[in-house]
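Written out below as structure tokens is the structure these notes cover.
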Amino acid sequence: METLETIKTRRSVRKYTDRPVEEKVIRELIDLAVWAPSAMNTQPWGFLILEGKEYLKELSDQAKKGLVAAISENSDMQKYKNRLESADFNIFHNASTVVVIYGNSESSWYIYDCSLAAQNLMLAAHDKGLGTCWIGFAHQLFDTAEFKQKHGIPEEYKVVAPMALGYPEKQPGSGPSRKEYPIFGG
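At position 146 of the sequence shown the residue is numbered 132 (this note's numbering), and the sequence of numbers has no breaks.
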């Protein structure tokens, strides 16, 4: 796939097949992710690979419970409350794999650097016929001390990009065109 086509056709995938993503492919995607630029070449990223639909369903249920408990009357998350309370809703969209990109918070720019690595991973996955979806609902759970301790993640590493990864049930459509955007100063 050509680079420009990959950029223009990548979409978030929210329906995955049961086919697991091979470890070799996951490692290749991470190897491509780390070619992202980083401030002063600090390369502050670290990766956690989570697999197994049952385990991911347990994590989804934990994350949903924590999110619902944290929603206040005035929260912008209120609009997701019914979905989060549904036993059928899986925040990882039933993907077989979740790759979590953490950033070393000792770097002032870790959020930006790790976001660039996430974009590389998403584009590389799309190029290989895989789908991804950045899962904002997982941030809270994946940054807890308990979760990080269980998975050997140092305290100074903060979650940046939890990403569902898998083979799409179907290729998403082209989606809406891009919105008008401002160009300032001219």
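Heads up, the beta-carbon is just placed ideally off N, CA and C, and yes, glycines get one too.
State the start and end residues of the unbroken alpha helix (DSSP H) segment that holds M108. Going by DSSP, M108 is part of the alpha helix (DSSP H) stretching over Y96 to D113.
Please find out if some non-hydrogen atom of the ligand GDP comes closer than 6 Å to the beta-carbon of Y96. Judged by which ligands are present, the structure shown has none, so any question about the ligand GDP falls away.
Here's the rule: buried if 16 or more other CB atoms are within 10 angstroms of the residue's CB, otherwise exposed. What is M26? Exposed: under 16 other Cβ atoms inside 10 Å.
Report all residues from its chain with a CB closer than 6 Å to the CB of L15; omit the five preceding and five following residues, and keep chain order. Excluding residues within five positions, the ones whose Cβ falls inside 6 Å are L107, A110 and A111.
In angstroms with no decimal places, state the Cα-to-Cα distance between P168 and L151. When rounded, the distance between both Cα atoms is 32 Å.
Assuming E142 contacts N90 (C-beta within less than 8 Å), just tell me the rounded distance between them. Going by Cβ atoms, the distance from E142 to N90 rounds to 6 Å, so yes, they are a contact pair.
Between T83 and L18, how many whole angstroms is the CB-CB distance? I'm expecting something under 8 Å. Between L18 and T83 the Cβ distance is about 16 Å, and since that is not below 8 Å, they are no contact.
Kindly list the residues whose CB is nearer than 8 Å to the CB of Y2, restricted to its own chain and excluding five residues on each side of it in sequence; keep chain order. So the list reads H79, N80, A81, S82, G117, A150, G152, Y153, P154 and E155, once near-sequence residues are dropped.
Beta-carbon contacts of S24 that lie in its chain and below 6 Å, excluding the five residues immediately before and after: Closer than 6 Å at Cβ, skipping near neighbours: D99.
I believe D113 touches T(-8) by the beta-carbon criterion, under 8 Å. Please report the beta-carbon distance rounded to the nearest angstrom. Confirmed, about 5 Å.
Through-space distance from S93 to N76, alpha-carbon basis: Their backbone Cα atoms lie some 33 Å apart in a straight line.
Output yes or no for whether 7 Å exceeds the beta carbon distance between G52 and Q126. Yes, they are a contact pair.
Spatially closest choice to T(-11) from Q105, D47, A131 and E40, by CA coordinates: Out of Q105, D47, A131 and E40, Q105 has the C-alpha closest to the C-alpha of T(-11).
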